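The structure appears below as structure tokens.
Residue numbers (this note's numbering): 2 to 252.
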């Protein structure tokens, strides 16, 4: 009867029913007692979960923040990062640091079959979902073509870190907070430059202007970014100013 009520889900017979009732009563009592609610422990993610890699850069975009209640499901959109890009690589991480390499690697997802187009012109929907058993599913889909791929990360892999390792990662996140903020500023400045490049190219294409100088400026800047992955904030800002001057000169 119970199995039928829960749509055929198998009943767990290995637990003591009296113990289950006692635990449920204790939880309900804590909920009713506002003073004790902060001591109530729910099933949550011990560390943040996110993506990095070719599609994002050398930093972790947090999709699921630490202490998110389980189960969950979240969808966000990622743009292509290169001209004529046909594949997208997403690395899944667990941790609290901004730089991807400083977090715990969980797995990698590769989506193929993206139609070639200009940088940031194609969108990929990325979905993070976790069920009650702690199994994490990460999928990437190009809506226009239906191209899709996914990976499943079992709860054993997510919980592979020992308690002291998790605590160390939390301590490191606080210890290197200023260093991470500096790295974050560098990434934001680089992204602002890339966004401006995309905006200029779209304007040229939209207005069908044969501005070889502007087009060359965008291409040269893209090549410069590829050659100078460790460029300083000052250098990136200077490049941004150069491109903005070109853009402002458009009729």
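Glycine is no exception: its CB is placed at the ideal position from the N, C-alpha and C atoms.
The structure displayed is predicted, hence computed values, not measured ones.
Here the alpha carbon of residue 101 sits roughly 40 angstroms from the alpha carbon of residue 29. In this structure, DSSP gives residue 48 a state outside helix and strand, which the three-state scheme calls coil. Annotation: the segment 59-136 contains the following complete segments of the beta strand (DSSP E) (minimum length 3 residues), in chain order: 73-80, 88-95, 105-113, 124-131. Contact between residue 112 and residue 145 fails: their C-beta atoms lie close to 13 angstroms from each other, not under 8 angstroms. The beta carbon of residue 72 lies closer than 6 angstroms to those of 131, 132, 133 in the same chain, with the five residues before and after it left out.
DSSP, read as helix, strand or coil, puts residue 144 in coil. One Cα belongs to residue 199, the other to residue 47, and the distance between them is close to 38 angstroms.
Here the alpha carbon of residue 215 sits roughly 49 angstroms from the alpha carbon of residue 70. Shown here, residue 150 sits in a strand according to DSSP, grouped into three states. Beta-carbon to beta-carbon, residue 127 and residue 79 are separated by about 6 angstroms, close enough to satisfy the 8 angstroms threshold. Annotation for residue 158: 107 place their beta carbon closer than 7 angstroms to its own, counting only its chain and skipping 5 residues before and after. In the same chain as residue 62, and ignoring 5 residues on each side of it, the C-beta atoms closer than 6 angstroms to its own belong to 51, 52, in chain order. Counting C-beta pairs closer than 8 angstroms gives three or more between the segment 78-96 and the segment 115-126, which meets the contact rule. For the segment 154-226, the continuous alpha helix (DSSP H) assignments of 4+ residues that do not extend past its boundaries occur at 156-159, 164-176, 178-208, in sequence order.
Between the segment 186-197 and the segment 155-172 there are fewer than three inter-stretch CB-CB distances shorter than 8 angstroms, so the stretches are not counted as touching. One thing to note: residue 187 has its Cβ within 8 angstroms of the Cβ of residue 234. Between the alpha carbons of residue 88 and residue 60 lies a gap of roughly 19 angstroms.
Around the CB of residue 120, 16 or more other CB atoms lie within 10 Å, so the residue is classed as buried.
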